[in-house]
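As structure tokens, the structure follows; a few thoughts come after it.
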Amino acid sequence: MDPSDIPRTSSDLSHKVPSGIAVGNGVSIEDSVRTFRVFEVLRGKDNAAISKAISESIPSPSNPQPIPGTTILHLAVQCAEPSVVDQVIREGKGLDVNAQDKEGNTALHLAAQLGRGPVVNSLLELPTINDSISNRQGKLAIDLARTPELFQELQLARALFLDEKIKAIQAALFQGDYKQIEALLVEPRVEGTLDVNALDLATEPMTIQTGGTLLHEAARKRDLQLAQILLLHGADPFRRDRKGKLPQDVTKDDRTRAILKKSPAAAVAQRGIQEKAILGNTPAQARSSGPNDTSKDAREMKGYLKKWTNYTSGYKLRWFVLEEGVLSYYKHQDDAGSACRGAINMRIAKLHMDPQDKTRFEIHGKSSVKYHLKANHVVEAKRWFWALNNAIQYTKDEARDEEKRRTLDSDSLRHARMESADMLAPPTSRFKPTSAGTLGAPGASSKVSFRSDVEGGSAYDSYDASLAGDELQRVPTNAQMPTDAEEDGDGDDGSSREVHQPGTKDAFNITAQSAKLQLELLSRVSDALIARKSSQPDVPLSDTDVSQALSAYQTAVSSLNGLVTDLLKIAKDRDAYWQYRLERDAEARKMWEESMAKVAYEHEDLKKSIAESEDKRKRTKRALKEALEGQPMPASRHGSLVQQESTDYVSFKEAVEDQTSLRPEAQSTASHRSRRKSFTREGNRRKSIIAQYTNLSDSESGDDEEFFDAIDAGKVEIVEPPLASPPPVQVPSARKEEEVEPFSDLDERAQKQMQIVPSYAGYEDGVRKKLKMDADDRPKISLWGILKSMIGKDMTKMTLPVSFNEPTSLLQRVAEDMEYADLLDIAADRPDSTERLVYVAAFAASEYASTIGRVAKPFNPLLGETYEYVRPDKGYRFFIEQVSHHPPIGAAHAESARWDYWGESAVRSKFYGRSFDINPLGTWFLRLRPSSGAPPELYTWKKVTSSVVGIITGNPTVDNYGPMEIKNWTTGEVCVLDFKQRGWKASSAFQVFGKVVDAKGKTKWSIGGRWNDKIYARITEGFEDEAVGEGKSKGQSGHQAFLVWEAHARPTGIPFNLTPFVVTLNAVSETLRPHLPPTDTRLRPDQRAMEDGEYDRAATEKNRVEEKQRAARRQREAAGEEWRPKWFEKKRDPVTGESYWEHNGQYWQKRREHDWNVCDDIF
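For reference, each letter of the sequence shown is one residue, going 1 to 1163 in the UniProt record's numbering.
Structure follows, in structure tokens:
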């Protein structure tokens, strides 16, 4: 077992610690009173009374069970001081220290579970102690250890015991004393802890060298008597050594082989192995576990198996190791740990047993990884199969439990903060005793809900000083801190509190457990009185037994009051201590935050200084170039241009340089090429001089800067776009009204337009121009102050104040892609496929223009939430549905007469402290219907990474970076865009560059610009000689850049820093409302309140709809139902092979019919 397997919080353990006291109608008043008196004596300090109680509690033939259901040692472990427990052990000579109570727990179980280190030490020192006994739940004492220290102590005691017994067995083996060997093997503790197949038992050199067991040694020595003894005590005849040999393979003696194969001992051993294969690997497991046992022994295994290699070699013997949830294999056993040849994680593994051959099974890993394995025997195959199955179950359960723990911890912390007012109330306001009298006395519990991980308790008068001595334990690193609201009830100033560690953990445990025992004793006395009253209705109160019971009852109530008082005092001292620790940690964290902010500001200053130095260096370089070349810059640029024109990809610097010399009035092509060669030779010579004297070379970033400088200075000739956005496709007016089915005499575009036109209903009022509120008056809260505790978390699972939101949904964020849909209309009407790809690429890049300044978080969509957006003036309709909540996925589909656009909004996001990173995962698809009569074209691309930087400095800025590949699957052409990451210089922000290549890899177009402003394109050198088609402007040269896309103006003063297009998204007019489903984002109350500036109501509604969603999820889980999207189905694209969400077409049909019965009530 690992220390990692130990429960860490007392709340996980305390409610499971059984007292072992028998409770029920079968217990007499006399027994109840006797048990109570023993309990009271153990909690006192009268040694004579304790000695008397011990002598009266020792079992005898006439009274085999003095205390029903438990023993005096069990009671002492739960409620007495360590000195009293030692006295019970010392004087109770007739007591069985391994006795089990009604729950099957021994005294060692209870001591380990309660975390009583000194008591565990005392018990382990007893020669008759047996730590291999399991309780009724199949748990050993080590399985219940409360702390890592106790776990290690129990583990060490077992290791020392095994080492001692192994040496004793080896000594007896050396002397040939088989009776002593058998006597050792039948000892209860040895039976439960020693594996006779352990390699440590072997003594013969050859056996040790080959990694064999003691049974291998017996076979090699032909020692039949030793083999019989080992087989009868669990030796495995199918255990192989490092060379893959079984015990029967290491001997040539037929008699020895027969013993190992067919003797009764071998048959018994085989039966035992079969039981272990199914029930577990240890005697304790065999009594309590099954095929689904996930204890450490049951999910780890080592040994040889035959692995299929190929058809030439067939099966080869390989050494396999299953541990820590990973199955690894090696060529030889000696290679383990250094030369792994393959591994499969059990979290993703699948297991299959061959139905024909029970010695064969398969294990499948990720992708195509698959192991075909074969055992030497059916029993061996079963052992491996169950071990692998248990490991798979354990790793998957661990992953699921970890996720639940994270969610539970988050919810618990939030709940604690919400109830801070209650926590500040004085204890007396929460505990109101019904009877007069004071409270006070010590004890210990497990079913109470106090956290005993936290160092609870204090050294106060009712405790002996021994409790505050060596038993003081260090503050555990995993202790859960209280929230700011959990302050000392007296309201003392922090400086006046005593700064010391609170009392012992043992004090808290004893007090709580004693309170629990006291309640059980009260219940027992009460049950006994009721039983006596039932059997003897006329029994008088003067009856001796009744009088004793009432007296015991009154004493127990008084004692219980005292215990509750002590528990409250312990809790108060604990809270004061942890409040002090919390304040210290808060102060240290504040200093760290200030240091981090200072470092961030210094980093910004350093970036500015470096940027200034870089600018100065570039100006110096240019001046030096001009001086050395003896020519003005335009000529110099031309020289460098001609040298670089031999490459396939021509940068935009070349486009700038082309404009200075290559005009329509240039000379003929032949003379131009001749002059270019001379320029090349002269340019090369001058460049070599520059490199010799300055060691300065042009950089790609410098070229990009020169391009933008040239555009700003008007040095690059920019031509108008070849075509404005075309109007929506028109259909015959006679067919607009009621005929919605496509007709064969209409082209595909007209048919598509006829399907879209009915969706215009409700949008007759046009688009909204402004929000209801004129200014953003959200409460100002430090973003860093909120986010600093969330470093490393997934953004989609963060819970932020509603004031950090903007009044849009993530679904509407996807709809923002449609702002520049006219680029797709233009692309569809261009005659050349590569030119169409230019406009499609511009559309893909334009999606990021609206992210500038938008650092507020959109509302997370609810499961099943939908959103539609229709633009009659643009001729398209858009629809999206939230099809998954964990992970959050939105499936979208937009359509126009000229194109269809669909994909999924799925992201992986994380907060790294200095930045948010949002990595899109979904693929986006576009089907374009060209006007040239060409077949429809399919395009795909993935979005690039978005990041919010500058959080610490209070200047959050959005950056988008990474490569984007837009592929035309119909023609094989590809556009590669590179979104440059923001650098030190402000001029390096927002840059995007790319190229369009044909199916043969030849560059056709160059693209560049800034994704927040404008994108330009030019025909690459050489392509202008080919026929571009009638769509090419007559005055357009291959050396001119033309504007492909320009961002819309961003007026200032719009609340939440929204764009004019985003303002239109959440509008809901009275004409539109009747057409919307009840799941549409426009009808979401929290988002609407946010847009109207009602922030408190927005927060309340946000919490309400989220709780409603959780309740619906729990209801589905209870009913075994699985939620399915209403409007999308998961499919796989036959062309690209990628999965996508296909719109089933039912939404727009239901909208026409105003039939929303299928929709869930989510708001």
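Glycine included, each C-beta is placed from N, C-alpha and C at the ideal position.
If you're wondering where the values come from, they're calculated on a predicted model, not measured in any experiment.
### Query
Under the DSSP definition of a beta bridge, which residues are partnered with HIS1154?
HIS1154 is not bridged to any residue.
### Query
Which residue's Cα is closest to the Cα of VAL757: SER609, GLY853 and GLN1149?
Comparing alpha-carbon positions, the option among SER609, GLY853 and GLN1149 lying closest to VAL757 turns out to be GLN1149.
### Query
For ILE344 versus LEU317, is the C-beta spacing smaller than 8 Å?
no
#### Entry: Inter-stretch contact (C-beta, 8 Å, three-pair minimum) for the segment 42-51 and the segment 82-92
These segments touch.
### Query
How is GLU705 classed by DSSP in three states: helix, strand or coil?
Interpretation of GLU705 is limited by its pLDDT of 47, a score under 50 that renders its predicted location unreliable; the figure taken from the coordinates is listed afterwards. GLU705 falls in the helix class under three-state DSSP.
### Query
Do the CB positions of TRP899 and LEU823 come within less than 8 Å of each other?
no
### Query
Curious, which full-length alpha helix (DSSP H) runs of at least 4 residues does the segment 1075-1162 contain?
Fully enclosed alpha helix (DSSP H) runs of 4 or longer: 1085-1091, 1095-1119 and 1146-1153.
### Task
Use the C-beta contact count for ASP223: other C-beta atoms within 10 angstroms, 16 or more gives buried, fewer gives exposed.
Around the beta-carbon of ASP223, 16 or more other beta-carbon atoms lie within 10 Å, marking it buried.
### Query
Do you know how far the Cα of ALA171 is from the Cα of ALA159?
18 Å
### Query
If you draw a straight line from the alpha carbon of GLN225 to that of TYR178, how long is it in whole angstroms?
If you draw a straight line from the Cα of GLN225 to the Cα of TYR178, it comes to about 8 Å.
### Query
Taking the C-alpha atoms as reference points, what is the distance between ARG908 and LYS358?
43 Å
### Task
Identify, in the order they occur along the chain, each residue of the same chain with its Cβ nearer than 8 Å to the Cβ of PHE174, setting aside the five sequence neighbours on each side.
THR203
### Three-state secondary structure assigned by DSSP to ILE72
In the structure shown, ILE72 falls within a helical segment according to DSSP collapsed to helix, strand and coil.
### Message
Buried or exposed, going by whether 16 or more other CB atoms sit within 10 Å of the CB of GLU895?
### Response
buried
### Task
Quick one: grab the DSSP three-state call for CYS340.
coil
### Query
Hey, how far is the Cα of ARG341 from the Cα of TRP319?
10 Å
### Member of ASP195, LYS165, ASN197 and LEU199 whose CA lies at the smallest distance from the CA of ALA183
LYS165
### Query
Between the segment 1132-1139 and the segment 853-869, do at least 3 Cβ pairs fall closer than 8 Å?
no
#### Entry: DSSP beta-bridge partners of LEU373
In the DSSP output, where bridge partners are listed per residue, LEU373 has LYS307 and PHE361.
### Query
Taking C-alpha atoms, which residue in LYS967, THR971, PHE993 and ALA989 lies nearest to ASP978?
PHE993
### Message
Threshold first: 4 residues or longer. Then list the alpha helix (DSSP H) segments lying entirely within the segment 144-224, N to C.
### Response
148-175, 178-185, 188-193, 205-210 and 214-221
### Distance between LEU162 and LEU194 (C-alpha atoms, nearest Å)
7 Å
### Message
Let me check understanding here. Comparing Cα to Cα, which of LEU185, ASP585, ARG240 and GLY1093 lies closest to ALA775?
### Response
GLY1093
### Range covered by the alpha helix (DSSP H) that runs through THR866
Note, THR866: premise wrong, no alpha helix (DSSP H); beta strand (DSSP E) at 866-871.
#### Entry: GLU324 versus GLN393, ASP1013, TYR315 and ALA892, residue with shortest Cα-Cα distance
For the set GLN393, ASP1013, TYR315 and ALA892, the Cα lying nearest the Cα of GLU324 is the one of GLN393.
### Query
Would you say residue 1170 and LEU771 are within 8 Å of each other, going by their C-beta atoms?
Because the chain in this structure spans residues 1 to 1163, residue 1170 falls outside the shown range and cannot be described.
### DSSP beta-bridge partners of ASN919
ARG908
### Task
Compare the C-alpha of GLN548 against each of SER609, PRO1125, SER523 and ARG37 and name the closest.
The candidate whose alpha carbon is nearest that of GLN548 is ARG37.
### Task
Just the C-alpha distance for ASP1080 and GLY1120, rounded to the nearest angstrom, thanks.
27 Å
### Query
For ASP605, which of helix, strand or coil comes out of DSSP?
Secondary structure at ASP605: helix, using DSSP grouped into helix, strand and coil.
#### Entry: Buried versus exposed, by CB contacts within 10 Å (16 or more), GLY1145
exposed
### Message
For ASP253 and PRO237, what's the separation of their Cα atoms in angstroms?
### Response
16 Å
### Query
Rounded to a whole number of angstroms, what is the C-alpha to C-alpha distance between GLY864 and ALA1112?
12 Å
#### Entry: Three-state secondary structure (DSSP) of ASP492
Low per-residue confidence applies at ASP492: pLDDT is 34, beneath 50, and the placement is therefore not dependable, though the value from the model is reported in the following sentence. Residue state, collapsed to three classes: coil.
### Task
State the Cα-Cα distance for the pair LYS45 and VAL190, rounded to the nearest angstrom.
38 Å
### Task
State the DSSP-derived secondary structure class of VAL250, mapped to helix, strand or coil.
coil
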